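*Asks:* In order, the protein sequence lines correspond to chains Z, V, Y and D. Per our numbering, residue 10 is the first one in the first sequence, and the count goes up by one each step. Per our numbering, residue 10 is the first one in the second sequence, and the count goes up by one each step. Per our numbering, residue 10 is the first one in the third sequence, and the count goes up by one each step. Per our numbering, residue 10 is the first one in the fourth sequence, and the count goes up by one each step. Glycine residues also receive a C-beta, built at the ideal position from the N, C-alpha and C atoms. Treat the numbers as computed from the prediction; the structure is a model and nothing was measured. What follows is a single structure, and I will ask about it in a moment.
There are 4 protein chains.
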Amino acid sequence: MRKEETGSPGHVESLVTDPKRVAERRGQILRAAVKLFSEKGYYTTTIQQIAKEAGVSIGLIYQYFGDKDDILFLSLKLVIETYEHEIPPRLEGIEHPVERLCVALWAYCTIIDGLREATVLAYRFTKSLRADRRDLIKEGEFRTNRLLENCVRACIDGGFMRPVNEYMLVYQYVMFCHAWALKHWAFQGRYTPGQYVAEGIRILVEPFLTKKGLAALAALRRRTADFTHE
Amino acid sequence: MRKEETGSPGHVESLVTDPKRVAERRGQILRAAVKLFSEKGYYTTTIQQIAKEAGVSIGLIYQYFGDKDDILFLSLKLVIETYEHEIPPRLEGIEHPVERLCVALWAYCTIIDGLREATVLAYRFTKSLRADRRDLIKEGEFRTNRLLENCVRACIDGGFMRPVNEYMLVYQYVMFCHAWALKHWAFQGRYTPGQYVAEGIRILVEPFLTKKGLAALAALRRRTADFTHE
Amino acid sequence: MRKEETGSPGHVESLVTDPKRVAERRGQILRAAVKLFSEKGYYTTTIQQIAKEAGVSIGLIYQYFGDKDDILFLSLKLVIETYEHEIPPRLEGIEHPVERLCVALWAYCTIIDGLREATVLAYRFTKSLRADRRDLIKEGEFRTNRLLENCVRACIDGGFMRPVNEYMLVYQYVMFCHAWALKHWAFQGRYTPGQYVAEGIRILVEPFLTKKGLAALAALRRRTADFTHE
Amino acid sequence: MRKEETGSPGHVESLVTDPKRVAERRGQILRAAVKLFSEKGYYTTTIQQIAKEAGVSIGLIYQYFGDKDDILFLSLKLVIETYEHEIPPRLEGIEHPVERLCVALWAYCTIIDGLREATVLAYRFTKSLRADRRDLIKEGEFRTNRLLENCVRACIDGGFMRPVNEYMLVYQYVMFCHAWALKHWAFQGRYTPGQYVAEGIRILVEPFLTKKGLAALAALRRRTADFTHE
DNA sequence: AATGAATGAGTGTTCATTCAT
DNA sequence: TATGAATGAACACTCATTCAT
Numbered sequence: 010m011r012k013e014e015t016g017s018p019g020h021v022e023s024l025v026t027d028p029k030r031v032a033e034r035r036g037q038i039l040r041a042a043v044k045l046f047s048e049k050g051y052y053t054t055t056i057q058q059i060a061k062e063a064g065v066s067i068g069l070i071y072q073y074f075g076d077k078d079d080i081l082f083l084s085l086k087l088v089i090e091t092y093e094h095e096i097p098p099r100l101e102g103i104e105h106p107v108e109r110l111c112v113a114l115w116a117y118c119t120i121i122d123g124l125r126e127a128t129v130l131a132y133r134f135t136k137s138l139r140a141d142r143r144d145l146i147k148e149g150e151f152r153t154n155r156l157l158e159n160c161v162r163a164c165i166d167g168g169f170m171r172p173v174n175e176y177m178l179v180y181q182y183v184m185f186c187h188a189w190a191l192k193h194w195a196f197q198g199r200y201t202p203g204q205y206v207a208e209g210i211r212i213l214v215e216p217f218l219t220k221k222g223l224a225a226l227a228a229l230r231r232r233t234a235d236f237t238h239e
Numbered sequence: 010m011r012k013e014e015t016g017s018p019g020h021v022e023s024l025v026t027d028p029k030r031v032a033e034r035r036g037q038i039l040r041a042a043v044k045l046f047s048e049k050g051y052y053t054t055t056i057q058q059i060a061k062e063a064g065v066s067i068g069l070i071y072q073y074f075g076d077k078d079d080i081l082f083l084s085l086k087l088v089i090e091t092y093e094h095e096i097p098p099r100l101e102g103i104e105h106p107v108e109r110l111c112v113a114l115w116a117y118c119t120i121i122d123g124l125r126e127a128t129v130l131a132y133r134f135t136k137s138l139r140a141d142r143r144d145l146i147k148e149g150e151f152r153t154n155r156l157l158e159n160c161v162r163a164c165i166d167g168g169f170m171r172p173v174n175e176y177m178l179v180y181q182y183v184m185f186c187h188a189w190a191l192k193h194w195a196f197q198g199r200y201t202p203g204q205y206v207a208e209g210i211r212i213l214v215e216p217f218l219t220k221k222g223l224a225a226l227a228a229l230r231r232r233t234a235d236f237t238h239e
Numbered sequence: 010m011r012k013e014e015t016g017s018p019g020h021v022e023s024l025v026t027d028p029k030r031v032a033e034r035r036g037q038i039l040r041a042a043v044k045l046f047s048e049k050g051y052y053t054t055t056i057q058q059i060a061k062e063a064g065v066s067i068g069l070i071y072q073y074f075g076d077k078d079d080i081l082f083l084s085l086k087l088v089i090e091t092y093e094h095e096i097p098p099r100l101e102g103i104e105h106p107v108e109r110l111c112v113a114l115w116a117y118c119t120i121i122d123g124l125r126e127a128t129v130l131a132y133r134f135t136k137s138l139r140a141d142r143r144d145l146i147k148e149g150e151f152r153t154n155r156l157l158e159n160c161v162r163a164c165i166d167g168g169f170m171r172p173v174n175e176y177m178l179v180y181q182y183v184m185f186c187h188a189w190a191l192k193h194w195a196f197q198g199r200y201t202p203g204q205y206v207a208e209g210i211r212i213l214v215e216p217f218l219t220k221k222g223l224a225a226l227a228a229l230r231r232r233t234a235d236f237t238h239e
Numbered sequence: 010m011r012k013e014e015t016g017s018p019g020h021v022e023s024l025v026t027d028p029k030r031v032a033e034r035r036g037q038i039l040r041a042a043v044k045l046f047s048e049k050g051y052y053t054t055t056i057q058q059i060a061k062e063a064g065v066s067i068g069l070i071y072q073y074f075g076d077k078d079d080i081l082f083l084s085l086k087l088v089i090e091t092y093e094h095e096i097p098p099r100l101e102g103i104e105h106p107v108e109r110l111c112v113a114l115w116a117y118c119t120i121i122d123g124l125r126e127a128t129v130l131a132y133r134f135t136k137s138l139r140a141d142r143r144d145l146i147k148e149g150e151f152r153t154n155r156l157l158e159n160c161v162r163a164c165i166d167g168g169f170m171r172p173v174n175e176y177m178l179v180y181q182y183v184m185f186c187h188a189w190a191l192k193h194w195a196f197q198g199r200y201t202p203g204q205y206v207a208e209g210i211r212i213l214v215e216p217f218l219t220k221k222g223l224a225a226l227a228a229l230r231r232r233t234a235d236f237t238h239e
């Protein structure tokens, strides 16, 4: 009679079995949901509105999601996994650790720039998820953090950065990137994303670089003109 | 959907006229509201629950607040003003700019530590306020930021800190303090608030200090044992 | 988040505390519910309709009942307890065991006649209750059966009825009385309740009476003219 | 609310024309429906569940039934006709009227024992049918009753039973048989079907038999050991 | 000033039914 | 014939707000 809390927390049941169709429809509905959740918040967005925005019927939504919590969960998962999946390709082919770190920050900030509202959404409504799912979202964030952590460690190991509290430094980087979304009203108009990252590197990377590291950073800057090539 | 926006955005109507009684009752109700909003979120907390927690009737709440949005607004205002009002007394009598900056960070973090859930609340539900009131909350945050900004400027002006992008640095300080609440699950168990601030100073203050500034910081550390004197 | 299955199965929560008001409002709502459930069945009756029939708002119903199942449960309990409570007063002052048995059957049938639709309701929807509550309803029926059982036993103990399988005989009596409601279309127009009971006594009581018992029955009949004094 | 009542009340439209295929498919679907309706009730069973249980698609069901009411109607008809069709073969070759009556009761009870849940189903949801169809179901029950009536009449006509109110007695027989399903929780564990019928005959048949009738019953009992030969 | 019973618009969700394939 | 994805009206239930006392 009661809805069973079935299986693993990350699993979302669909009444439709064809995986390709499930992926398509879920994508279609999630795009609408992320848009509306971002604009109006989770609780003030109705299923009705999501259906209308996605151009489907109410009933269809319930063929692909178990309940509204499922939609929020997959929305946030989508956002969190975008970070995780889009940063690595941007680092491909880049060898130098300092360069990798700077490009990672740049990549993270630009990805967030494209998902600004959705990033704020994750901050606002992750807590609204069922506890077990909240943890899955946090794990996703953790894996993204690890990408930055690896960059920092490579810098230190290569002698480009002096030993620092990596854990803390990585969290400064994370907060710096997230701030582009969270405090956008404070940076908007003042900085382009490129300038924002350039300033961030000056404050959060440069001070920790060794001579070797600074040389690499200078070279990078010469090539990229401060990431302001938008 | 939204009720007529009457009068000035910050004004909250009360049917009761005696200002002392208004202040008392509102305080009583807001304490309950902040507690519940922090625990369960704004939308999942009901007026019934607030009334019960505050030990008053439902009707009474509507004698002191116009609607639920009023309660949220004054709850967030209460939180934001706590920062603004509690930092300055903690700086009183402290003269040295470097010391003032470090103590300001320390003060901000400990105040947030006492309002951890409420700080997260502000991040989550400021956007749920009517737009004009949202701006008032942001202004409150701005005024708090200015306190840090003044500390940074004094350091630079006194030659204790080399010239940096003040604006960016202050925001990084703000994010650092807020992160103690926002990412508490990541720091909890790893750092005490004192250790957290000490590490923050190492990463976000020390690199920008001049020789003079470093000497001051060393003196401070000798006296305070890294803020770990909890 | 989920509704707690609280306390004893027979308890129905009310948000209103004043017991007198609760009794009044519940009575008002239950009368409407029993009427509609009887006419249209449980599932096809909406809360909306109950509210309208009772002349109250939808919300009010949920101040006095937890959910629709609660309304069904108390409706059926009301019906089942009517039998249990109304038969004993009808037996008051009657001493002779045979007379008590006959009057008990007569009382049960007339009570059912006044609750014909509701009796059918109990047959139809007791199974729709949560299992623990279903058992409570059955217990109520059991207690009513016991009233008849006591009458039969007194007849046997007094030597007015020859030894029989009491348990089975009582169930024949029960089915006989219920049949007045369950098969009303088959008896309607053919028999008045009085005639129905008189025929029932002829078939289900008379054959088991001893000489002493038959004498008592004859005396009773002389006085009551076959229960046809409606 | 109700769909147009088209054509004769007993007619159920099918989009498929081949009668053999219709009979097969309907049987397949009805078996699933009766099972689920019996277990969970009519309203709480969905077409989806019936389709799954029957191993067919949802769409297929609508090729063989007009709507859900059709399925209920044919389900109940199936049950009611089982009684009607299975009793006569069980009486074949039995000549003596008293024996025929007893075997008829025994047959009816054992058939009901095999359809216990379905019998309860008929009691619960016949009223949920459209009125005209409800009458058809009642007619089916009537025809079954007539089988018993014929047995009683033969007993009386043959001088094996003294004159009684046949109509009432037959209904008491019917209720007795139905009670095996309706009050199964009261008899379960106490009696086997055989014992139940034996006790019923003692209470509902024996008292009305003449000397001749009693002799026949005694003979029958000697042969069958009280129907307890399960 | 204070109460809390009463209201009803609005929500998430279900499920009989349809129809393109 | 047979499928099952798609539909949307209808439902149970919630909760901010009102108002008689």
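1. Anyone know if the C-beta pair for Y:Ser84 and Y:Ala42 falls short of 9 Å?
2. Counting pairs of beta carbons, one from the region 71 to 80 of chain Z and one from the region 31 to 46 of chain Z, are three or more of them closer than 8 Å?
3. If you draw a straight line from the alpha carbon of D:Ala207 to that of Y:Gly167, how long is it in whole angstroms?
4. Give the C-beta separation of V:Ala225 and V:Val107 to the nearest angstrom, bearing in mind that I take them to be a contact with Cβ-Cβ under 8 Å.
5. For chain D, is any of its Cβ atoms less than 9 Å away from the one on Y:Val173?
6. Once you ignore the five residues that flank Y:Ala127 on each side, which residues in its own chain have a CB closer than 7 Å to its CB?
7. Return the residue from the list D:Ile212, D:Tyr117, D:Arg40, D:Asp76 that minimises the CA-CA distance to D:Lys61.
8. Quick check: the Cα distance between D:Ile59 and D:Gly50, rounded to an integer number of angstroms?
9. Is Y:Lys86 near Y:Gly36, with beta carbons less than 9 Å apart?
10. Which whole-angstrom value is the C-beta distance of V:Tyr71 and V:Val25, which I expect to be below 8 Å?
11. Inspect the CB distances between the region 179 to 199 of chain Y and the region 112 to 124 of chain Y and report whether three or more fall short of 8 Å.
12. Could you have a look at Z:Leu24 and say whether DSSP puts it in helix, strand or coil?
13. In chain order, which continuous runs of the alpha helix (DSSP H) of length 4 or greater are located wholly inside the region 139 to 196 of chain V?
14. Expressed to the nearest angstrom, what Euclidean distance is found between the alpha-carbon atoms of Z:Gly209 and D:Ile67?
15. Go through the region 61 to 114 of chain D residue by residue and report every complete run of the alpha helix (DSSP H) that reaches 4 residues or more, in order.
16. Looking at chain Z, which residues of the region 171 to 201 of chain V have a Cβ within less than 9 Å of any of its Cβ atoms?
17. Let me know the secondary structure DSSP gives Y:Leu218 once reduced to three states.
18. Could you confirm whether any beta carbon from chain Z is found closer than 9 Å to the beta carbon of V:Arg162?
19. If I'm right that Z:Cys160 touches Z:Gly222 with Cβ under 8 Å, what's the distance once you round it to whole angstroms?
20. To the nearest whole angstrom, what separates the beta carbons of Y:Ile120 and Y:Glu95, a pair I think is in contact under 8 Å?
21. Measuring CB to CB, does Y:Tyr92 end up less than 9 Å from Y:Tyr132?
22. Please compile the residues from chain Y whose C-beta is within a distance smaller than 8 Å of the C-beta of D:Pro216.
23. Could you check the C-alpha separation between V:Thr55 and Z:Lys147 for me, to the nearest Å?
24. Name the chain D residues that come within less than 7 Å of Y:Gly222, Cβ to Cβ?
25. Using a Cβ cut-off of 8 Å, which residues of the region 130 to 147 of chain D contact any Cβ in chain Y, in chain order?
26. Ignore the nearest five residues each way along the sequence and tell me which others in V:Phe169's own chain have a CB closer than 7 Å to its CB.
27. Using a Cβ-Cβ cut-off of 8 Å (strictly less than) and excluding sequence neighbours within five positions of V:His187, which residues of its own chain qualify?
28. Is V:Leu213 close to chain Z? Criterion is C-beta to C-beta, closer than 9 Å.
29. Taking just the CA atoms, how far does D:Leu145 sit from D:Glu90?
30. Helix, strand or coil for D:Pro18, going by three-state DSSP, please let me know.
31. Do Y:Glu175 and Y:Arg155 have their beta-carbon atoms positioned less than 9 Å apart in this structure?
32. For D:Gly68, would you say it is in contact with chain Y, using Cβ-to-Cβ distances shorter than 9 Å as the test?
33. Please confirm whether Z:Thr53 and V:Ser137 have their CB atoms less than 9 Å apart.
34. What does V:Thr50 touch in chain Z if you count any residue whose Cβ is under 7 Å from its own?
35. Could you tell me the distance, in whole angstroms, from the CA atom of Y:Leu124 to the CA atom of Z:Glu33?
*Replies:* With the given structure in hand:
1. yes
2. yes
3. 27 Å
4. With a Cβ gap of about 4 Å, V:Ala225 and V:Val107 count as contacting.
5. yes
6. So the list reads Val43, Ser47, Val88, once near-sequence residues are dropped.
7. D:Arg40
8. 12 Å
9. no
10. Actually they do not touch by this definition, with Cβ atoms about 11 Å apart.
11. yes
12. coil
13. 140 to 166, 175 to 191, 193 to 196
14. 60 Å
15. 67 to 73, 77 to 100
16. Val173, Asn174, Tyr176, Met177, Leu178, Tyr180, Gln181, Val183, Met184, Phe185, His187, Ala188, Leu191, Lys192, Trp194, Ala195, Phe196, Arg199, Tyr200
17. strand
18. no
19. The pair is not a contact, with the Cβ atoms about 12 Å apart (cut-off 8 Å).
20. About 5 Å separates the two Cβ atoms, so the contact holds.
21. no
22. Result: Pro216, Phe217.
23. 28 Å
24. The premise fails here: Y:Gly222 is roughly 13 Å from chain D at the closest Cβ pair, so nothing lies under 7 Å.
25. Tyr132, Arg133, Phe134, Lys136, Ser137, Lys147
26. Pro106, Val107, Leu218, Thr219, Lys221, Gly222, Ala225
27. Once the five neighbours on either side are set aside, the close Cβ partners of V:His187 are Ile121, Thr128, Tyr132.
28. So yes, V:Leu213 belongs to the interface.
29. 11 Å
30. Residue state, collapsed to three classes: coil.
31. no
32. So, not an interface residue.
33. yes
34. Here residue 50 of chain V is Gly; the residue named in the question, Thr, does not match the sequence. Neighbours of V:Gly50 on chain Z, chain order: Lys136, Ser137.
35. 57 Å
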